Each structure stands twice: as C-alpha cells, then as structure tokens.
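Protein chains in written order, with my numbering: chain A, 1 to 306; chain B, 1 to 516. One structure below.
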Amino acid sequence: MTQAPPKSVNMRIDGHEVSVPEGSTILDACRKLAVETPTFCWAENLTPVNVCRICVVELEGARTLVPACSRKAEPGMSIRTDSARVRLSRKVVLELLGSSVDMSLSETFAKLKSQYGADPDRFGPRAPRAAAGEREAAEPGHHEVPDGSAAASVGQPVKVDNELFVRDYEKCMLCYKCVEACGTDAQNTFAIAVAGRGFDARISTEFNASLPDSACVFCGNCVGVCPTGALMFKSESDLRERGEWDESKQTVTDTICGYCGVGCQLTLRVQDNRIVRVTSPSDHSVTGGHLCIKGRFGSTFVEGDR
Amino acid sequence: MLWGSNARETHPIFFHHVLKAVKRGARLYVVDPRKTSTADWARAWLPVEVGSDIALANAFAHAILAESLEDREFIGRATSGFEEYQKVVERYSPEAMRSVTGVDPDAIRLAARDYATAKNAMICWTLGITEHHNAVDNVLALINLGLLTGHVGKWGSGLNPLRGQNNVQGGGDSGALPHKLPGFQDVEDDEVRSRFERVWGRRIPPKNGWHLTQMFDAMEHGKLTTLYVIGENPAQSEANANHCLKLLRGLEFLVVQDIMMTKTAELADVVLPASASFCEAEGTVTNSERRVQRVRKAVEPPGEARDDIEILSELSKRLEVDIGFSTARAAFDEMRMLSPMHRGMTYERLEALGGIQWPCPDETHPGTPFLHGRLQENPVRGPRAKFHPTEHAPPVDRVDAQFPIRLTTGRRLDSYNTGVQSGGFESPLRRGETLDLSEDDARKLSVLDGERVRVVSRRGSVEAPVRVDPSLRPGLAFMTFHFPEEVDTNLLTIDATDPKSGTAEFKASAIRVEKL
Chain A
1 MTQAPPKSVN MRIDGHEVSV PEGSTILDAC RKLAVETPTF CWAENLTPVN VCRICVVELE
61 GARTLVPACS RKAEPGMSIR TDSARVRLSR KVVLELLGSS VDMSLSETFA KLKSQYGADP
121 DRFGPRAPRA AAGEREAAEP GHHEVPDGSA AASVGQPVKV DNELFVRDYE KCMLCYKCVE
181 ACGTDAQNTF AIAVAGRGFD ARISTEFNAS LPDSACVFCG NCVGVCPTGA LMFKSESDLR
241 ERGEWDESKQ TVTDTICGYC GVGCQLTLRV QDNRIVRVTS PSDHSVTGGH LCIKGRFGST
301 FVEGDR
Chain B
1 MLWGSNARET HPIFFHHVLK AVKRGARLYV VDPRKTSTAD WARAWLPVEV GSDIALANAF
61 AHAILAESLE DREFIGRATS GFEEYQKVVE RYSPEAMRSV TGVDPDAIRL AARDYATAKN
121 AMICWTLGIT EHHNAVDNVL ALINLGLLTG HVGKWGSGLN PLRGQNNVQG GGDSGALPHK
181 LPGFQDVEDD EVRSRFERVW GRRIPPKNGW HLTQMFDAME HGKLTTLYVI GENPAQSEAN
241 ANHCLKLLRG LEFLVVQDIM MTKTAELADV VLPASASFCE AEGTVTNSER RVQRVRKAVE
301 PPGEARDDIE ILSELSKRLE VDIGFSTARA AFDEMRMLSP MHRGMTYERL EALGGIQWPC
361 PDETHPGTPF LHGRLQENPV RGPRAKFHPT EHAPPVDRVD AQFPIRLTTG RRLDSYNTGV
421 QSGGFESPLR RGETLDLSED DARKLSVLDG ERVRVVSRRG SVEAPVRVDP SLRPGLAFMT
481 FHFPEEVDTN LLTIDATDPK SGTAEFKASA IRVEKL
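What follows is the structure in structure tokens.
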C-alpha cells in the first residue's frame, strides 16, 4: 500500500504562491488558498463536466477563460480569479441562468446574484410555461425566432409519476450531475441522458418514458446531487406545496442504514418527527454520497402504522 | 469473484465499488445459477447448478494445480493439510465436474487461471453459499482456494462474506451466538468465563447454548417451552413455515420484542414494542468490513415503544439480575472492557474516525482494514491456516419426476426479507411475489406470463402468478419471501440445515408447478 508521495505543482493564484499535489485542479488550488470559487455542476463525488461555466478563471497566456473545476494545475500557471473579465463572465452566466431557469431554491445562486450584481430580469419577463410534453416534442432546427418580448425559459409543469421523487424541470439548469450519478460516476444504470439540442436540450429517460416504465431503479442518486431542487423527494415537494416546509423546525442526524450489511451512512432530515429527506455524505468511505432505493427511500416504515 | 451473490441488487453500494474496479480493469467473475444483473457486468458468468459449489470450487483447485499456478511458497510457509486437500481435489477435474456443476470446463480453467495469477484477488459470497445443508463446507471450499493461491491476508485480497443485515456482523461480534461471549471468546473456556463472571457477578452456564435450529428441535422435543424473540420474524422467515408455526404455537410462553406487530408477535403472549434501532435509538452497528459505526436517534419512537437496551435493563431488574445499565453506550463500554478486539473503540473515536474496523486493541490503534496479515509474514506468526478438504454433497431435496423443478430463493433490489421494513414505502419497482420460470419451462407447462399456478413442494403448496424470466435456465425457478402475506414461499422451502451453522437450505427446494 505504500506509494511514493505525489509530486507537487507550484503556481500562482491572484499573486499568491501555492503548491498542490500533481493531478490537482485549479479549483483544488483555489480552495487551498481559501479563494472562493463558485460551482454549480461540480461535485467532489462526480467527474467534472464543465458545463455551468460559473467557475471560470483567467489563466495568463490563455485565449479563453478556463474552468477551474477540471483544468489541471500546471507548474508556473498564473491564475486570476477576480479580474473584470472573470466577473463579467460569471455575471452573464448568472443572468442567462436566472432568466431561463427557476433558481429560487439555490442558495448559491441567490448569494452569487447579489455578489456579482447580476440582473436576470434585463432580458424581459419570463416567457409563459410550456404545456406538458411541449418541450419534449420540439424538433431540432424547427424554431420560431423569438420576438424579444419575453425571456425564453424552460418553464413547464412538474413531472409526478411515482411516490418517491418528483421532477420539476423548470428548475433544471442542465448541470448533468443527475446524468453522471445515474451513469458512470455511481449507479451505472443510465436511465437518463440529455436529449435534444440547443435550448431544447433537456434531461430525459429513453424515449421520454415515465420513470416507472424506464430503466430507473429509484436509487435517487440523481436527487442527491441535484443543486437546484429540480429533483426532489416527493415528501419534501408535498410539504413545500402545502407551504409547510420549515427548515427552522428540522433536525439533521447521521446514522447507518437499517437494511443490508454494507453500512451506508444516512443523513436523515426530520421535520415534525417525519423523515423528509435522506442523503449521504459525499466523503463517506462506504457510500461516496450514493445510496440505493432502500437506503434513500426505505426508512419511512418507522412512520407507518406500528 | 462474486460467488452466490447478486450484489448488484442485494448490496448495491458495495457493488458501486466493484464497478469502479471493473472500469479500472479488474476482472469480475460471477458464480450464480441465475444470469443476474450482477452477472451482466462480469467478464464471465459461471452458471453453477444449485448446490454444486463444492464441486466447482474443487474443480477450480484441480485446474489451478494442473497448471501449477498454486502459491507453493505460501502453502509451504503458512498452511497445513495441503497433501490431503490435493488428494481430494484430484478427483474433481473440470471435465468430470461438468455434469455436476453445469459449467464448461474451459470456463472453469479461464476463471481459475485469472484468479490464481492475479496480483490481488478476492472471493466474496452471500447466501448462495451459506443457505445450504452443507453451508460450512461450502465456505471452507472457498477458503481452500484462498489458501491455495495465497490470496489472503493482504490488501485487496481475501475472503469476504457480504453481510445481509446491517448488524449481523455486530450481533456475532458482541456474543449473540450460542457458543461465544463478546469478541468471539469461547463460552466453554473456563478462563474466559471467569473474566466475564468477575465483571457480571454471576455464574455463566459453562456449556454452549443452542443455535436457532437446535432451538426448534428442542421445541419439538418439549425441551424448550419459553421463547424470547427480539427483532426476528421466524413465523415467516424460517424454512418449512408450517412446521415452524406449529412449534411456535406449541410453546408455553412466547415473548416478542419488535418494532412492528409481526406475524410472530401475533402469536406471542407478551409483545414488547421496541424502537427502530437505526433511527430511534443510540448505539452501534458493524458492517461487512467489520467497521463499527454509530447509529443515532433522529426521530421519536411511536406510542409506548422503547429502546431495546432499556427494555432489557428493566427486564433484568424484574428478574433480579440487574445488568446495571440502560444505555447503549454503557453496554458498549462494558464490552470494550471484556472484548480485546473492541477495546480501543471509544464512542469519541468512533465519531471522529467515522467508524473503526476491528480488531482495535487500544485507543491509539487505527483499526484493521484486513485480517490474517500474519499469514503473509515470514515466518508466520501463530498457527498455520489449515486446508479443510470438502466433498460435493447434493441438495437434500432431490429433484425427481414428481418434483422436477429446482426452486431457489433470494432478494430483489427494492425489498428485504419478509417485508417488515421494505413494505413501508411505495416502490415503483415492486410487482409482488411471482414464481419466476424459464421460458422453456413456461412453454412446457403451457403457462403464460401472469398466469396463477399452484407451486407444490414436499412440504406444502402456494399459489402465485408466473413471471417468465430470461435469466433462468430450464429446470430452475426463483422466488423471494418478501411478500409472505400474499405468497408464503417458506411453506415450500426445506428445513434441512447445516449441522454446524444451523442454516437451512433455503436455496434448494424441489417443486412441481400445477395449472389451476
């Protein structure tokens, strides 16, 4: 088990020298210096996909801004994380996201919006919601040119097709985290992928089947990684709909799953003595943040008729 | 090598780790009578006949020895009994075992070669190995392969039973076995007993107790008349359920302590409602990696339900043998004092390290990621590891003209045992109990997918809908016991048990299917 310690890479971030192990990313180096670098699509238990572009930084000598989350640290790199160019880029990313996607449940978004002075409303009022099935029916290339009176949006009705979790794609920012967790980064079930092109791009099951008719095994690892609340426990969604979701009344407790002998750590969020959400810490040695259907959704028997 | 394990469905998060390794180039072999979703990820699936695992393991050994791929240095330095073992496996050539195991000799040779020559190799098994009348021999046959190739006692190698319940490991570790005190210390060892007696201030009966099967035997012979059942549902989980129910009903006094009003609880004279240990109580559980982890109270138990340890404490006072504590932590601290392998595990350290793998002899010890490292030392510390030659013995319930189909049982992804817990959530994957049959058998019996049939064994019969399952070969059927209210599969299963472990042969019954 003994391995040679990895070589280190020396670089500069905002003028400060920093040394990180070979293989680290610019994001790792930023975090080592406590330089705040925002992310949406990055997670420590998933492979970076570089799609949200909020983590971009300026690399001296590079033509374009680079994503800090995936770009590997190289010797002698000089990075600027708070230049006017970086700030402008992040501001526009936030405005485009905020104008087209319901980011209301993302605390990160709210914080960044004020930090970068982003004004998502400047593209006009959000276009009305699409009817159910309308976005899924869009054909590539067949688009009407928008008249500019309203900001295009991904608005659409919530998909409720099972008792475990709901899909509110009006809140989907296409960060791909759910696809990664369903695919090669954890579950390897491949029930969902991105379908469509351009603004029609969306998370979809095969042939847009309902989840119970798809390959989905309801591990809920997609729910676990979703940063915007687009994928949500039905228990949580119902409480929110009734206006009863109240984080001030909630407790969060770590324990171990009561089913098989693998020993997955569960983080139980409880409101009014009911388990309303189950996650697992992404740095846990057993789970890496991922659970199965029993661990994720199977604890509710304690609330039943006993 | 996953042997008798459908980990993709029964240990899904463990299998995530397997998949990571497979993507990095690890070779996965799956030994299972069914072509499971686990087998779908394998380099090769070895379609072993139900109950022929010893024949297959011995054929592996034969193939390894035929190509001189055994680890001679390790065998000579760290093991004993090799010659005797070699003599037995000589009779188990892959060719000769073809008709017994149903596995192609070339497939055996390929897998055996890969296993023997891998830098690190691991065999993991589940109930496919242990739910047989010769369960212990099955396990020994796999251990022999580890010893033959030296794949034990080092990082990334070894022999691992994947535990089926969240604390089945911890239960055994803490003495819930008829012949062991906490820390696997022998009840019949006078020195061990006297250490416990000094702390407990009581005499401990100097003889091994009965395991589950022996308890049922004792009930049958009127030697056991009072039973106290904690967190178990034998009325539905035991094989040959009719017989088991008769014995439970014949008891003079039955106490059941459970989180639910189970079928067993319905038979009880006294029911003690308990809190759910994983989220309504404090304590520890121990997983398959021997990692002792903290469980914590997140919700209040309903009604009059109380913590198990509190109930035991109160009971001990009424019986005038006060155990002297009523919290899980105090019980754990007492165990640390008496069980050397737990000694270094304070609650503070368990919290700080996110669990500790035993043995952990003192408070500076980091825990032990793998066992038997001493076998890799030169010279070996302590006794040598012994080969235990084992012989093939087919399932007790013979397949014949009257009962022509082999029924094996198991779990599905979204359900668990008798459904006491997993019945509490609405799984979109759930389709109720079915008799899963191969396409071939369904055709021969002229039954259609979804058609209700009667399933008959030598012990009982049930009605169930048929599901045609392409993962099954002709002559093999599959059921679970997740839905005993709908279909009580254990009316069919056989209570032939392993003499040492007491486990029944749930994996091998003989049935026939009758049209309704």
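By construction, the Cβ of each residue, glycine as well, lies at the ideal position given by its N, Cα and C atoms. Computed from a predicted model, the values in this text were never measured in an experiment.
Looking at the strands, I want to know which residues DSSP matches up with residue i.
i	result
residue 465 of chain B	B/452
residue 264 of chain A	The partner list for residue 264 of chain A (beta bridge, DSSP) is empty, contrary to what the question assumes.
residue 124 of chain B	B/2 and B/160
residue 176 of chain A	In DSSP, residue 176 of chain A forms no bridge with anything.
residue 512 of chain B	B/456
residue 193 of chain A	A/204
residue 58 of chain A	A/80
residue 406 of chain B	B/476 and B/510
residue 398 of chain B	According to DSSP, residue 398 of chain B bridges with nothing at all.
Going by C-alpha distance, which of the options is nearest residue i?
i	options	result
residue 212 of chain A	A/164, A/88 and A/285	A/164
residue 386 of chain B	B/13, B/77, B/8 and B/9	B/77
residue 283 of chain B	A/119, A/258 and A/230	A/258
residue 204 of chain A	A/186, A/178 and A/218	A/178
residue 90 of chain B	B/217, B/351, B/389 and B/405	B/389
residue 436 of chain B	B/468, B/287, B/457 and B/447	B/468
residue 194 of chain A	A/173, A/47 and A/185	A/173
residue 62 of chain A	A/235, A/79 and A/245	A/79
residue 123 of chain B	B/66, B/103 and B/60	B/60
residue 11 of chain A	A/301, A/267, A/77 and A/243	A/77
residue 114 of chain B	B/87, B/194, B/25 and B/167	B/25
residue 44 of chain B	B/207, B/22 and B/324	B/22
Spatial neighbours of residue i within its chain, please: CB distance less than 6 angstroms, with the 5 preceding and 5 following residues excluded, ordered by chain position.
i	result
residue 228 of chain B	255
residue 450 of chain B	465
residue 11 of chain B	162
residue 156 of chain B	120
residue 218 of chain A	164 and 293
residue 1 of chain A	Because residue 1 of chain A sits at a pLDDT of 46, beneath the cut-off of 50, its placement in the model cannot be relied upon, and the point is left open.
Would DSSP call residue i helix, strand or coil?
i	result
residue 164 of chain A	coil
residue 86 of chain B	helix
residue 15 of chain B	helix
residue 361 of chain B	coil
residue 250 of chain A	strand
residue 309 of chain B	helix
residue 228 of chain A	coil
residue 436 of chain B	strand
residue 136 of chain A	helix
residue 77 of chain A	coil
residue 316 of chain B	helix
residue 74 of chain B	helix
residue 200 of chain B	helix
residue 41 of chain B	helix
residue 184 of chain B	coil
residue 287 of chain B	coil
residue 246 of chain B	helix
residue 33 of chain B	coil
residue 69 of chain B	coil
Please go through the same chain and pick out, in chain order, the residues whose beta-carbon is closer than 8 angstroms to the beta-carbon of residue i, but skip the five residues on each side of it.
i	result
residue 340 of chain B	183, 359 and 361
residue 250 of chain A	269, 270, 271 and 276
residue 55 of chain B	92, 97, 100, 101 and 392
residue 442 of chain B	448, 449, 466 and 468
In its own chain, which residues sit with a C-beta less than 7 angstroms from the C-beta of residue i, not counting the 5 before and 5 after it?
i	result
residue 233 of chain B	262, 263, 264, 418 and 420
residue 203 of chain B	197
residue 290 of chain B	169, 357 and 358
residue 30 of chain A	13, 37, 68 and 81
Cβ-based contacts, 7 angstroms cut-off: residues of the stretch 152-172 of chain B near chain A: 155, 162, 163, 164, 165, 166, 168 and 169
Select from the stretch 135-148 of chain B all residues with a C-beta closer than 9 angstroms to any C-beta belonging to chain A, and list them in chain order. none
Going along the stretch 228-257 of chain A in order, which residues come within less than 8 angstroms of chain B, judged by CB to CB distance? 251, 253, 254, 255, 256 and 257
Members of the stretch 291-305 of chain A that neighbour chain B once the beta carbon cut-off is set at 8 angstroms: 291, 292, 293, 294, 295, 297, 298, 299, 300, 301, 302, 303 and 304
Quick one, which residues of the stretch 176-199 of chain A are near chain B if we go by CB-CB under 8 angstroms, in chain order? 184, 186, 187 and 188
Below 9 angstroms between beta carbons is the criterion; list the residues of the stretch 72-104 of chain A that meet it against any residue of chain B, in chain order. none
Give me the subset of the stretch 16-38 of chain A whose CB atoms are less than 8 angstroms from a CB atom of chain B, sorted by chain position. none
Along the stretch 9-25 of chain B, where does the CB come closer than 8 angstroms to a CB of chain A? Name the residues. 10, 11, 12, 13, 14, 16, 19 and 23
Output needed in chain order: residues of the stretch 245-261 of chain B with a Cβ under 8 angstroms from some Cβ in chain A. 259, 260 and 261
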